[in-house]
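Here is the structure we will look at.
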Amino acid sequence: MGDKITIYQKPTCSKCRAALAILDESGKPFDSINYYDDRLTVESLRDLVRKLGIPVRHLLRTDEPLARGTESADDEELLRLMAANPDLIQRPIVVRGDSAVLGRPPENIKKLLTEP
């Protein structure tokens with residue numbers, strides 16, 4: 075298993091800044107991707123959902139105005155919508171090898187970093 079660590083985040087998000095602090099404190103090298111500058115594709119979102127082990131709908135920020143009316147959308151529609159509108163993606167997402175966690179709560183990140 076590759077241990078490469080990547081965080082997908084938005085610099086102005088407080089939870090993302092907390093996640094970056096945890097990663098900095100870990101001393102482990104990591105890549106940081108601002109997914110507003112480097113947009114996620116439908117395929118990369120599909121891969122993240124697989125690594126997270128969650129349904130596509132759980133990656134959707136349902137409190138965003140753009141999420142209104144998506145109750146009947148299928149997975150592909152949701153992936154396309156999130157790829158086109160990064161505000162709809164839960165954040166931060168931290169990937170280590172073939173595993174990933176949502177950084178809400180931040181303890182999820184600590185658990186991911188300590189797994190063998």
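Sequential numbering from 75 applies to the sequence shown in the numbering used here.
Backbone N, C-alpha and C define an ideal beta-carbon position, used for all residues, glycine too.
When you compare the CB positions of L140 and N159, do they come within less than 8 Å of one another, or not? For the pair L140 and N159, the CB atoms are nearer than the 8 Å cut-off.
Among L119, S106, K78 and L97, whose alpha-carbon lies nearest the alpha-carbon of I163? Closest by alpha carbon: L119.
By Cβ distance below 7 Å, which residues in the same chain neighbour L152 in space, the five residues on each side in sequence not counted? Only V130, R131, L134 and T144 meet the Cβ criterion.
How about S106 and L94: do their beta carbons lie closer than 8 Å? Closer than 8 Å, so yes.
Per-residue DSSP class, three states only, for D172: DSSP, reduced to helix, strand and coil, places D172 outside both helices and strands of the structure shown, so it counts as coil.
Supposed close pair L122, A157 - CB separation, criterion 8 Å: In fact, because the Cβ distance is near 11 Å, the residues do not count as touching under 8 Å.
Does S118 come out as helix, strand or coil in the three-state DSSP assignment? Helix at S118.
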